[in-house]
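Chains as they are written, first to last, in my numbering: chain E, 15 to 219; chain F, 15 to 219.
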DNA sequence: GTCTATAGCCAGATAGAC
DNA sequence: GTCTATCTGGCTATAGAC
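Now the structure itself:
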């Protein structure tokens, strides 16, 4: 197989996925028709169905790429560049990263909610969303554990337990951010992030 | 206007709304067709369209009744029956109430997510969901403020600020609960509630 | 108010030329 | 691989008898 072809296919898929994401952001997943995606991508029906076998596959592809290289990577970068990182810093970094993501000038939250809802009735998407959330949570656990041990002198067992609970809290703060950002047009993201960070920072193991 | 008729109409609307909710829980909002709702309600197309002018109106009706008389009322009841109520108790009560709600043996969360997603692209539903979340949050603020003043001797100003931040946290814990309950079939609700409560309880103004 | 039957539409997906 | 043209099916909503 010539390597150019593989590359080419990936590019086309990315092009289609990005177009679909823009449509989803503008109209929601199930108000977006294939015609919309076709028009937005600049391709034709035939071309698109050559790369994806259904709208559902495109939707999954959007889900797979939407936060790729964002939240988790930002958190991991934070850990490698600094010393022990507390939960407040982790949350701040994650939320700011989530906040800066855009699809055609719309916040990611609008699309993420759609995908979560879709996941409830689509097994493939559900597994994908689970993986992403679990991956982020796991990314939180390590630093928090280390922080509890090194900064607060906790035993490994207590540190692990603490990290488990706090990481859950951080995930909820992140999902809470997504929901409210999507549902309240006047949602004060800055204040949410600042308040969340302050509250979390005030907690010690 | 005879009063029986008004009552009758309400009953029919409730019947249709309940049937729709069951469908939404089973198949998701946009995989549910009018035929599904018709079959589930035991009525006919004509009958249904006599009470609702579109599927969208039915969806809004489901949204309006789904958590009616649950979360908020439970929290308020707690406040009137006991003395000052701390944030941990508030959250526990709210989550347990959310947890006990069912639509045809399915958790409420599955339907709530669908409605949130729909709200992003439906103005009416969006306003409704905003109201519900705001109402619950406001229901949290009062008790928390009182608790901060009476139990921890905070000044009114500091108590108010604290209540504002903590109520936001509680809302996020609740939305986080909904998301994870819907996305993870093996989600450990008991542990979530217990952990959340413990963490919140450990926080003082 | 409720029924059955169906209009009318638009969705997702395919066929076949290039 | 991509295009245009089109099929098929199911959807929401309505018409009109009772």
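Just so you know, even glycine gets a beta-carbon here, dropped at the ideal spot from N, CA and C.
Because the structure is a prediction, the values reported are computed rather than measured.
Just verifying my parser: in three-state terms, what is the DSSP assignment at residue i?
| i | result |
| --- | --- |
| residue 219 (chain F) | coil |
| residue 120 (chain E) | strand |
| residue 75 (chain E) | helix |
| residue 96 (chain F) | coil |
| residue 26 (chain E) | helix |
| residue 136 (chain F) | coil |
| residue 242 (chain F) | Past the boundaries of the shown model lies residue 242 (chain F); chain F is included only from 15 to 219, so the question cannot be answered. |
| residue 46 (chain E) | coil |
| residue 82 (chain E) | coil |
| residue 55 (chain F) | helix |
| residue 106 (chain F) | helix |
| residue 60 (chain E) | helix |
For residue i and residue j, I'd like the C-alpha separation in whole angstroms.
| i | j | result |
| --- | --- | --- |
| residue 224 (chain E) | residue 114 (chain E) | This structure does not reach residue 224 (chain E), given that chain E is present from 15 up to 219, and the question cannot be answered. |
| residue 151 (chain E) | residue 181 (chain E) | 6 Å |
| residue 173 (chain F) | residue 158 (chain F) | 8 Å |
| residue 149 (chain E) | residue 86 (chain E) | 8 Å |
| residue 56 (chain F) | residue 83 (chain E) | 50 Å |
| residue 65 (chain E) | residue 24 (chain E) | 9 Å |
| residue 161 (chain F) | residue 177 (chain F) | 9 Å |
| residue 28 (chain F) | residue 89 (chain F) | 25 Å |
| residue 78 (chain F) | residue 92 (chain E) | 43 Å |
| residue 202 (chain F) | residue 145 (chain E) | 17 Å |
| residue 127 (chain F) | residue 138 (chain F) | 16 Å |
| residue 59 (chain F) | residue 73 (chain F) | 16 Å |
| residue 54 (chain E) | residue 63 (chain E) | 15 Å |
| residue 164 (chain F) | residue 191 (chain E) | 31 Å |
| residue 107 (chain E) | residue 52 (chain E) | 36 Å |
| residue 71 (chain E) | residue 195 (chain E) | 27 Å |
| residue 210 (chain E) | residue 67 (chain E) | 42 Å |
| residue 104 (chain E) | residue 154 (chain E) | 7 Å |
| residue 213 (chain F) | residue 69 (chain F) | 42 Å |
| residue 98 (chain F) | residue 215 (chain F) | 14 Å |
| residue 120 (chain E) | residue 46 (chain F) | 28 Å |
| residue 187 (chain E) | residue 21 (chain F) | 43 Å |
| residue 44 (chain E) | residue 200 (chain E) | 25 Å |
| residue 6 (chain F) | residue 130 (chain F) | For chain F, the structure presents residues 15 to 219; residue 6 (chain F) sits outside this window and is missing. |
| residue 230 (chain E) | residue 168 (chain E) | Any answer about residue 230 (chain E) is impossible in this case: the structure gives chain E only from 15 up to 219. |
| residue 221 (chain F) | residue 170 (chain F) | This structure leaves residue 221 (chain F) out entirely; chain F is present only between 15 and 219. |
| residue 118 (chain F) | residue 193 (chain F) | 19 Å |
| residue 123 (chain E) | residue 142 (chain E) | 17 Å |
| residue 132 (chain F) | residue 100 (chain F) | 34 Å |
For a contact meaning CB atoms closer than 7 Å, what does residue i contact in chain E?
| i | result |
| --- | --- |
| residue 65 (chain F) | Those do not exist, as residue 65 (chain F) stays about 24 Å from chain E at its closest Cβ, beyond 7 Å. |
| residue 48 (chain F) | The premise fails here: residue 48 (chain F) is roughly 15 Å from chain E at the closest Cβ pair, so nothing lies under 7 Å. |
I want to verify the contact list: residues of chain F whose CB lies under 8 Å from the CB of residue i, in sequence order.
| i | result |
| --- | --- |
| residue 179 (chain E) | 209, 212, 213 |
Can you list the residues of chain F that residue i reaches, using a CB-CB cut of under 7 Å?
| i | result |
| --- | --- |
| residue 124 (chain E) | 134 |
Interface positions of the segment 183 to 206 of chain F facing chain E (Cβ-Cβ less than 9 Å), listed along the chain: 183, 185, 186, 187, 188, 189, 190, 191, 192, 193, 194, 196, 197, 198, 199, 205, 206
Counting only runs of 3+ residues fully inside the segment 150 to 207 of chain F, write out the beta strand (DSSP E) ranges in chain order. none
Residues of the segment 128 to 144 of chain E whose Cβ lies closer than 9 Å to any Cβ of chain F, in chain order: 128, 129, 130, 131, 132, 133, 134, 135, 136, 140, 143, 144
Residues of the segment 35 to 46 of chain E whose Cβ lies closer than 7 Å to any Cβ of chain F, in chain order: 41, 42, 44, 45
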